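Student:
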Amino acid sequence: MSQLYNSIEPNVIDDEMVQKAVEEQYPEDIGKLAKREGINFKDVTELQLSFRNILQIDNLWQFENLTKLQLDNNIIEKIEALESLVHLVWLDLSFNNIEVIEGLDTLVKLQDLSLYNNRISKIEHMDTLQELQIFSIGKNNLTTLEDVIYLRRFKNLRTLNLMGNPLCNDEQYMLFVVAHLPDLVYLDFKLVSDTTREVAVLTYQDLTEPLEHEEAQALAQLEEQQAKQKELEYHKTAFVEYLNGSFLFDSMYAEDTEAAKLAYLPGVDDLLQAYRKEFVSVCENLFNYGLKEYEKREAEVSDFYESLHEALTANQQEGRRIILDFENRNKRRLDEIHDASSYDIAESKRAEYKEDILQLSEALMTLEMLIADQLEELIKDFKRNIAVIASTFIENVKGMMTQCRDLENRHHEKLLEISIATLEKSAKNELDEDLPADVRMLLVDKNTIVNAVNASHGIRLLKIDKRESDIVSNTNHWQASVTEKAFQNEIDRNRDRVKEIVQYIDDLQEELDNMEIPEPME
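Structural data, given as structure tokens:
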């Protein structure tokens, strides 16, 4: 299409173009109806915009459920404005003027991609397309066989077309590609034979084996990172993340410049190591306690919803029994109304049926009131239990954080003693240690050293207070959200059930009202 660029007015995708394209996709009669009544682009799953001299992709954000998009045979220079098409499975951008692969990051469901006949010189920027099965990039400007190695990351890739690229002129082209992409089934529209595969593996095993080793290591590292992230998420859910070690202790000193200076004072290092050991022990106790309490919370929630399900199931079974009895009992009555020999008989039967409908409505509503009352009590018990679990957890957390503060206070007192003793030695020139200049600046007088020790102490207390506050806040939020969810779910369930009963009764009444009966006698 590039040869038409100078002779035909280039287009940008606009509302008029997509509207027309969608209408053309329907059969003539449906297309006319769609044109008259309008089209909701969210309902469109396939869109063909081929041969429209499109220069720039735009205005496709409305097609959020699109699975197939054809943009072939245009003059497109850049892949862009596709980020909202997250459900796209099939994309054809062949026969355009594209130079760089880009703009595909959000298309994680893409399985079939054609970039055939463009101006691309490198395979790149496709890392997120892990579902890719078919890839056509023939007739481009790919020159080096090593480009193919990038495609090893696509474990589902089975069909590849590279035909027409300069790299295909290499006499080892086919063997190199097959060796580096061992799961390929079709290459350049031909089935990869077992013989070709065997020769390729033997020819390039010195290159592929190190790659496989590197990939295995990378995969192991990724799995390890994912496992750590999953574990961290578990700890966060338990509100005790980063308490299984020295994280909190280290964070207390991370931004404390005064503490770093005070650490040079004689005897402080031993004091600090002892403090660290005791502090970390308390944190780990809190961590282990937090995990146990999390399991307790989860068990309480699980038990509640299991009881809820049992109560609802029993209620629903009783409701179905009542309806089934009604339907069995009144099927004959409907036939009698329909076959009545006179108006009076039909009206008598109709009145009986109306009374049965009224009784059915009362029975179903009574049943709903009973389950609503039963669930209300269940939810109240659940709320009480959750409140006890949360308050007990918070109380114990505060107790352990108080232990942390007590350790900090004792450490502070000892550090203050060491600091003043060092000051006195310094004043008498009895210090054996050669201290850095910024540390000696703290030893000019008592106020300076005391202020430094107090400031450092204050920073650490704030860190402890903040961690306690976060745990308490998260626990309170969990308590409020889990109980509110239970209440709101029941409100929604009750409302929907009442509507369902009313609609069912209305349908029965309408069916009765619409029945044909004999005309009354004159």
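Under this note's numbering, the letters of the sequence shown match residues 631 to 1152, in that order.
Cβ atoms here follow ideal geometry from the backbone N, Cα and C, with glycine treated the same way.
Just so you know, these numbers come straight off a predicted model, no measurement behind them.
May I have the straight-line CA-CA distance separating D1003 from R1090, to the nearest angstrom?
Tutor: Between D1003 and R1090, the C-alpha separation is close to 51 Å.
Student: Any idea which residues DSSP pairs I764 with across the strands?
Tutor: DSSP lists D742 and T789 as partners of I764.
Student: Within 10 angstroms of the Cβ of D824, are there 16 or more other Cβ atoms? Answer buried if so, exposed if not.
Tutor: Result: exposed.
Student: Got a sec, what are the start and stop residues for the beta strand (DSSP E) K698 sits in?
Tutor: Residues K698 to Q700.
Student: What do you get for I643, buried or exposed, if any count of 16 or more other CB atoms within 10 angstroms of its CB means buried?
Tutor: Buried, because 16 or more other Cβ atoms sit within 10 Å of the Cβ of I643.
Student: How should T838 be labelled, buried or exposed, when 16 other C-beta atoms within 10 angstroms of its C-beta is the threshold for buried?
Tutor: Burial call: buried.
Student: Taking only three categories from DSSP, how would you classify N727?
Tutor: Correct three-state label for N727: coil.
Student: Since D1155 and F725 should fall inside the 8 Å C-beta cutoff, what is the C-beta to C-beta distance between them, to a whole number of angstroms?
Tutor: Since the first residue shown for the chain is 631 and the last is 1152, residue 1155 is missing from the structure and cannot be characterised.
Student: Find the nearest neighbour of L734 within the set L715, S1099 and Q859, judged by alpha-carbon distance.
Tutor: Out of L715, S1099 and Q859, L715 has the C-alpha closest to the C-alpha of L734.
Student: How would you call L759, buried or exposed, if buried means at least 16 neighbouring beta carbons within 10 angstroms?
Tutor: Result: buried.
Student: Take the Cβ of R950 as the centre, count every other Cβ of all protein chains shown within 10 Å, and call the residue buried at 16 or more, exposed below.
Tutor: Looking at its Cβ environment, which holds fewer than 16 other Cβ atoms inside 10 Å, R950 is exposed.
Student: Can we say the region 885–895 touches the region 1003–1015, given the rule of at least three CB pairs closer than 8 Å?
Tutor: Not touching, per the Cβ criterion.
Student: Cutting at 6 Å between CB atoms, please list the residues of its own chain near I767, excluding the five before and the five after it.
Tutor: L745, listed in sequence order.
Student: R783: which of K820, Q763, F877 and S1099 sits nearest, CA to CA?
Tutor: Ranking K820, Q763, F877 and S1099 by Cα distance to R783 puts Q763 first.
Student: Skipping 5 residues on each side, what residues in its chain have a beta carbon closer than 6 Å to that of Q1109?
Tutor: Contacts found: I1016 and A1020.
Student: Please work out which residues of its chain come closer than 7 Å, Cβ to Cβ, to L862, disregarding the five sequence neighbours upstream and downstream, and give them in chain order.
Tutor: Closer than 7 Å at the Cβ level, and outside the excluded window around L862, lie E871.
Student: Would you grab the beta carbon distance between C1034 and F917 for me? Rounded to a whole angstrom, and I think it's under 8 Å.
Tutor: That belief does not hold up - the Cβ atoms of C1034 and F917 are roughly 12 Å apart, past 8 Å.
Student: Residues in the same chain with beta-carbon distance under 7 Å from Q947, minus the five sequence neighbours each way, listed in chain order, please.
Tutor: Excluding positions up to five away in sequence, the list is empty.
Student: Short of 6 Å in beta carbon distance, which residues of its chain neighbour A1085, apart from the five on each side in sequence? Order them along the chain.
Tutor: Cβ neighbours of A1085 beyond the five flanking positions: E888.
Student: What separation, rounded to the nearest whole angstrom, lies between the Cα atoms of E1047 and E1007?
Tutor: Looking at the two C-alpha atoms, the distance is approximately 60 Å.
Student: Cutting at 7 Å between CB atoms, please list the residues of its own chain near L994, excluding the five before and the five after it.
Tutor: Excluding sequence neighbours, L994 sits near G949, I952 and I1131.
Student: Return helix, strand or coil for K769, following the three-state DSSP convention.
Tutor: The answer is coil: DSSP assigns K769 none of H, G, I, E or B.
Student: Taking contact to mean 3 or more Cβ pairs, one atom from each stretch, closer than 8 Å, check whether the region 890–906 and the region 833–849 are in contact.
Tutor: As far as the Cβ criterion goes, the region 890–906 does not touch the region 833–849, which means the pair count is below three.
Student: List the endpoints of the continuous alpha helix (DSSP H) containing L677.
Tutor: It is not in any alpha helix (DSSP H) - L677 instead sits in the beta strand (DSSP E) that spans E676 to Q678.
Student: Should V1083 go down as buried or exposed, given a rule of 16 or more other Cβ atoms within 10 Å for buried?
Tutor: Classification of V1083: buried, given that the 10 Å Cβ count is 16 or more.
Student: Alpha carbon to alpha carbon, what distance is there between R906 and A941?
Tutor: Using only the alpha carbons, I get a separation of about 52 Å.
Student: According to the neighbour-count rule (16 or more other Cβ atoms, all chains shown, within 10 Å of its Cβ), is S1049 buried or exposed?
Tutor: S1049 should be labelled buried.
Student: In terms of residue numbering, what span does the beta strand (DSSP E) encompassing I684 cover?
Tutor: Note, I684: beta strand (DSSP E), I684 to Q686.
Student: Below 6 Å CB to CB, which residues in the same chain sit around I660 once its five sequence neighbours on both sides are set aside?
Tutor: In this prediction, I660 has a pLDDT of 49, which is less than 50 and means its spatial position is unreliable; nothing more can be read from the coordinates.
Student: In whole angstroms, what separates the C-alpha of N771 from that of N704?
Tutor: For N771 and N704, the distance between alpha carbons rounds to 18 Å.
Student: Could you have a look at D642 and say whether DSSP puts it in helix, strand or coil?
Tutor: A quick correction: the sequence has Val, not Asp, at residue 642. Reduced to three states, the DSSP call for V642 is strand.
Student: Just the C-alpha distance for D673 and F693, rounded to the nearest angstrom, thanks.
Tutor: Roughly 8 Å separates the two Cα atoms.
Student: Whole-angstrom Cβ separation of N689 and D645, contact assumed at under 8 Å?
Tutor: About 7 Å; that satisfies the 8 Å criterion.
Student: How many angstroms separate the CA atom of R962 from the CA atom of A981?
Tutor: Roughly 15 Å between the two C-alpha positions.
Student: Does I660 come out as helix, strand or coil in the three-state DSSP assignment?
Tutor: Caution is warranted here: a pLDDT of 49 is assigned to I660, below 50, making its placement in the model unreliable, and no coordinate value can be reported.
Student: Between L787, T1052, E998 and T774, which lies nearest to M756 when the distance is taken from Cα to Cα?
Tutor: Nearest option by C-alpha distance: L787.
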